[in-house]
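Take a look at the structure set out below.
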Amino acid sequence: LGLLSGGRTGKTVALRSDMDALAIAEANDIPYKSKNPGVMHACGHDGHTAMLLGAAKILSQMRNDISGTVKFIFQPAEEIGLGALRLIDSGVMEGVDALLGVHLWPDLPSGKVSLVPGPRMASADKIKITVRGKSGHGSMPHQGIDAILAASAIIMNLQSISSREISPLEPAVITIGKVIGGTSWNITCDEVTLEGTTRCFSHEVRKSFPSVIERVVKNTAASFRAQAELDYIPIVAPLINDAFVAQTAAASLQKLFGNSVVGEIEKVMGGEDFSFLCEKSPGAMAFVGTGNPEKKSDYPLHNDKFNIDEDVLPIGSALYAQFALDFLK
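Residue numbering for the sequence shown follows my numbering, starting at 1 and increasing by one per position.
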């Protein structure tokens with residue numbers, strides 16, 4: 001955490017970047033290639049850190065023009081959804097009146113910036129379902145209780161939640177990505193474990209997921225004489241840009257670059273624990289495009305060839321700094 005006190009008293013604005021990397025072996029041949037085998041910055045966090053350091057340098061040279069305090073937040077552990085909560089627990093967000101984050105985005109052309117109010121990134125929670133039956137000989141299935149059959153029905157029935165229990169105007173996803181079960185080709189399976197994720201942009205929908213999923217899971221299992229338990233693990237809330245903060249930051253962007261950098265991206269089902277910080281203070285996330293095929297910086301996030309267009313970093317630094325000045329005025 002960096003603190004900068006301005007020449008005059010006033011409110012407090014926080015600027016946040018995340019710092020952590022991913023357990024991916026880098027395939028790029030670049031001067032700043034990861035020096036740690038099996039670990040790389042595959043989500044642009046090195047660029048985020050560089051942009052915020054740039055903003056800190058700019059604002060430090062303009063201290064007398066600042067009315068209030070600027071907090072520079074360098075956050076660890078975003079990729080596992082724990083860093084923001086640790087910051088909150090340590091008191092970093094106390095006294096913060098507004099918050100801005102910047103994320104590099106390869107699906108947006110280099111130099112373009114998407115900065116709008118409303119939902120931007122989805123919640124991202126984990127579900128674990130344990131289905132228990134009774135083992136037996138595969139040739140005499142009536143003597144056992146087939147946990148695989150019950151689990152298969154659960155996987156199918158879960159899809160009815162988003163299609164029949166949630167408004168079609170509310171995007172919602174329930175995905176089972178991992179299935180573990182069975183010991184042999186000729187034995188009725190007695191236990192299956194399912195793991196997956198839920199995604200949505202609504203706090204209300206997210207709140208309803210555990211009870212609705214549990215009802216479908218338990219009742220479906222019971223119809224096959226099996227039993228099932230749900231472990232619902234909250235990880236990240238939806239990221240919803242505050243209207244006033246987003247509009248203020250968009251005006252700062254306009255002041256700096258006019259309309260030349262304005263770009264648009266759809267909200268995405270990926271998660272961001274920046275959302276927890278936004279629950280403590282009005283905040284917004286800006287997405288700075290880094291997609292440039294000629295520079296091979298258009299690979300998707302979390303890809304082993306992900307790279308950034310370094311020429312866009314001054315845009316993020318300038319936006320951070322200008323927003324801080326404008327909000328505090």
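Positions of the beta carbon are idealized from the N, C-alpha and C atoms, including for glycine. Since the model is a prediction, treat every value here as computed from it, not as a measurement.
{"Item": "Cβ-Cβ separation, PHE274 to GLY101 (assumed contact under 8 angstroms), whole Å", "Value": "5 angstroms"}
{"Item": "Beta-carbon gap between ILE213 and LEU256 smaller than 8 angstroms", "Value": "no"}
{"Item": "Residue(s) in a DSSP beta bridge with LEU15", "Value": "PHE72 and LEU100"}
{"Item": "When MET269, LEU115 and ALA98 are compared against GLN254, the one with the closest alpha-carbon", "Value": "LEU115"}
{"Item": "Boundaries of the alpha helix (DSSP H) in which TYR320 is found, first to last residue", "Value": "313-328"}
{"Item": "Distance, LEU22 Cα to GLY177 Cα", "Value": "20 angstroms"}
{"Item": "Coarse secondary structure for THR175, derived from DSSP in three states", "Value": "strand"}
{"Item": "Other residues of its chain near SER317: CB distance less than 7 angstroms, five sequence neighbours each side excluded", "Value": "MET51, GLY54, ALA55 and ILE58"}
{"Item": "For THR69, the nearest candidate out of ASP20, ALA77, ALA14 and GLN61 (CA to CA)", "Value": "ALA14"}
{"Item": "3-residue-minimum beta strand (DSSP E) runs that sit fully inside the segment 96-165, ordered along the chain", "Value": "98-109, 118-121 and 124-132"}
{"Item": "Beta-carbon separation (whole angstroms), PHE72 vs THR49, contact threshold 8 angstroms", "Value": "Not really, about 10 angstroms apart at Cβ, beyond 8 angstroms."}
{"Item": "Whole-angstrom distance between LYS218 and SER160, CA atom to CA atom", "Value": "15 angstroms"}
{"Item": "Residue range of the unbroken beta strand (DSSP E) whose run includes ASN241", "Value": "239-241"}
{"Item": "Beta-carbon proximity of ALA150 to THR197, cut-off 8 angstroms", "Value": "no"}
{"Item": "Residues near ILE265 by beta carbon distance below 7 angstroms, same chain, minus five either side", "Value": "TRP105, ASP107, LEU108, SER114 and PHE287"}
{"Item": "Residue range of the unbroken beta strand (DSSP E) whose run includes VAL205", "Value": "Per DSSP, VAL205 belongs to no beta strand (DSSP E); it is in the alpha helix (DSSP H), 203-222."}
{"Item": "CA nearest to the CA of PRO119, picked from ARG199, ASP298, PHE209 and GLY181", "Value": "ARG199"}
{"Item": "C-alpha gap between TYR32 and SER223, whole angstroms", "Value": "57 angstroms"}
{"Item": "Whole-angstrom distance between GLY83 and MET93, CA atom to CA atom", "Value": "13 angstroms"}
{"Item": "Endpoints, beta strand (DSSP E) assigned at PHE287", "Value": "283-291"}
{"Item": "Contact the segment 174-188 vs the segment 141-156: 3+ CB pairs below 8 angstroms", "Value": "yes"}
{"Item": "Under 8 angstroms between C-beta atoms of GLY283 and LEU99", "Value": "yes"}
{"Item": "Beta-carbon contacts of ILE30 that lie in its chain and below 8 angstroms, excluding the five residues immediately before and after", "Value": "ASN307"}
{"Item": "Bounding residues of the beta strand (DSSP E) (the contiguous stretch that carries SER184)", "Value": "Per DSSP, SER184 belongs to no beta strand (DSSP E) and is neither H nor E."}
{"Item": "Distance between MET19 and ASN36 (C-alpha atoms, nearest Å)", "Value": "15 angstroms"}
{"Item": "Burial state of ILE129, where buried means 16 or more other Cβ atoms lie within 10 Å", "Value": "buried"}
{"Item": "8 angstroms Cβ cutoff met for GLY271 and ILE233", "Value": "no"}
{"Item": "Where the alpha helix (DSSP H) containing GLY47 begins and where it ends", "Value": "45-60"}
{"Item": "LEU169 (DSSP reduced to helix, strand or coil)", "Value": "coil"}
{"Item": "Contact check, SER67 vs GLY6, beta carbons under 8 angstroms", "Value": "yes"}
{"Item": "Buried versus exposed call for ARG63 [16 or more other C-beta atoms within 10 Å across all chains shown]", "Value": "exposed"}
{"Item": "Three-state secondary structure (DSSP) of CYS278", "Value": "helix"}
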